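Colleague:
Numbering (full-length UniProt numbering), first residue to last: 1 to 402.
#1: Is the CB-CB distance between residue 319 and residue 398 below 8 angstroms?
#2: Measure the C-alpha to C-alpha separation of residue 111 and residue 272 and round it to an integer number of angstroms.
#3: Go through the stretch 295–380 residue by residue and report every complete run of the alpha helix (DSSP H) that reaches 4 residues or more, in order.
#4: Let me check one thing: in DSSP terms, what residues is residue 106 bridge-paired to?
#5: Identify the residues that DSSP records as bridge partners of residue 383: which are they?
#6: Given residue 29, which residues of its chain have a CB within under 7 angstroms of its CB, disregarding the five upstream and five downstream residues?
#7: Consult DSSP for residue 273 and reduce its assignment to one of helix, strand or coil.
#8: Applying the criterion that 16 or more other CB atoms from any shown protein chain within 10 Å of the CB defines a buried residue, is residue 121 buried or exposed?
#9: What do you get for residue 290, buried or exposed, if any count of 16 or more other CB atoms within 10 angstroms of its CB means buried?
#10: Please confirm if the stretch 71–80 is in contact with the stretch 375–386, defined as three or more CB-CB distances below 8 angstroms between the two stretches.
#11: Given residue 66, which residues of its chain have a CB within under 6 angstroms of its CB, disregarding the five upstream and five downstream residues?
#12: Distance, Cα to Cα, residue 363 vs residue 68?
#13: State the beta-bridge partners of residue 235 as determined by DSSP.
#14: Going by the DSSP bridge assignment, what does residue 290 pair with across the sheet?
#15: Compare the Cα-Cα distances from residue 128 to each of 149, 158, 107, 115 and report the closest residue.
#16: Beta strand (DSSP E) containing residue 163: first to last residue?
#17: Based on DSSP bridge pairs, tell me the residues matched to residue 114.
#18: So for residue 201, helix, strand or coil by DSSP?
#19: Does residue 148 come out as helix, strand or coil in the three-state DSSP assignment?
#20: Looking at residue 18: is its Cβ nearer than 8 angstroms to the Cβ of residue 288?
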């Protein structure tokens, strides 16, 4: 496996997964970050400032929308969408970024860096950095800068410097590598805003906590509207941040079925897939022990998905543990199924959802008809799909570019 330097602690374990597998040069900074997070997560002033920003800047709580037309059309369970796509910057990413950059300010940092795949995490980081007057640099695979050119321009418009990474496959994995190297080079004034529930402890726990506002709101909103819990919660899975956010407050509710939808690409039996939980093996990469797509030599394998945001060869360690405990079911959704769902929800409900989120919508299309009309599915729409319209058009043979 690549990038294994040393395991210095057993902190942040989810079963056998998680931990801190990092270079010795990063250990002091990771310890500082862990101490700062453990202090400020319970600090009344920090919590009050974050809550105020979530409400007044990010537009929380996001809506819980009853998709009556889709429910009637599919002829089974009642379908609700958690509308994270309506947040400021257009995705769930803003929840975590506000928390991390607020923490970075408390730590005295003046500069933030981040990786991004589809661009939404990069846009959210650039946005909050501008709000808080911090220098910002974003690392993005060269292929992804071409797939998501509009988001690159948005980041630059917000004052961020975008680095197009041409090593490897030029996708999210390579952007993470570059951002970690940059953090190692310049830690004194810089915080690395990791965008998903991945990396060394405390990142998987910290990102999970900041995103858990999603499931907290779902539970309160659905109980208020229907008086009961959902029968199923469905979310797409790349690194796993929106999914763990949507699942977290239901993990101890055994009546609620939790389903993560990962990118199967051209199919899990092909070499063009990013379905880590279905095809991956235990390994160590990007500072954590988890499941990763690997070749016969144990090196990280190239992965593929139409979705830049799900095109990652690993999974957050908490998801690996939840699969091992059989608490969450993970299913693969192909490009074709996701594109069909992208078009279906647009025409049926008037919502252009991100291609990432459309993977979850595709599974809802399969699941709802198997359930009764008095049962409820909540599907997390993690982001809006404006960024994907040109790519979907080209997928359908239309010559359209951003």
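Positions of the beta carbon are idealized from the N, C-alpha and C atoms, including for glycine. Treat the numbers as computed from the prediction; the structure is a model and nothing was measured.
Modeller: From the atom records:
#1: Remark: C-beta atoms of residue 319 and residue 398 do not approach each other more closely than 8 angstroms.
#2: Taking the straight line joining both Cα atoms gives about 37 angstroms.
#3: Listed in chain order, the complete alpha helix (DSSP H) runs (minimum 4 residues) inside the stretch 295–380 are 317–324, 335–349, 355–367.
#4: Residue 106 has no beta-bridge partner at all, per DSSP.
#5: BP columns for residue 383 point to 91.
#6: Within the same chain, residue 29 has close Cβ partners 187.
#7: Three-state result, residue 273: coil.
#8: So residue 121 counts as buried.
#9: By the 10 Å Cβ count, residue 290 comes out buried.
#10: Of all C-beta pairs linking the stretch 71–80 to the stretch 375–386, three or more are shorter than 8 angstroms, placing the two stretches in contact.
#11: Here the set comprises 80.
#12: In a straight line, the C-alpha of residue 363 is about 17 angstroms away from that of residue 68.
#13: Answer by DSSP bridge pairing, in chain order: 260.
#14: According to DSSP, which records beta bridges pairwise, residue 290 is partnered with 283.
#15: It is 158 whose Cα lies nearest to the Cα of residue 128.
#16: Counting along the chain, residue 163 sits inside the beta strand (DSSP E) bounded by residues 161–165.
#17: Per DSSP, 138.
#18: Coil.
#19: Coil.
#20: Less than 8 angstroms divides the Cβ of residue 18 from the Cβ of residue 288.
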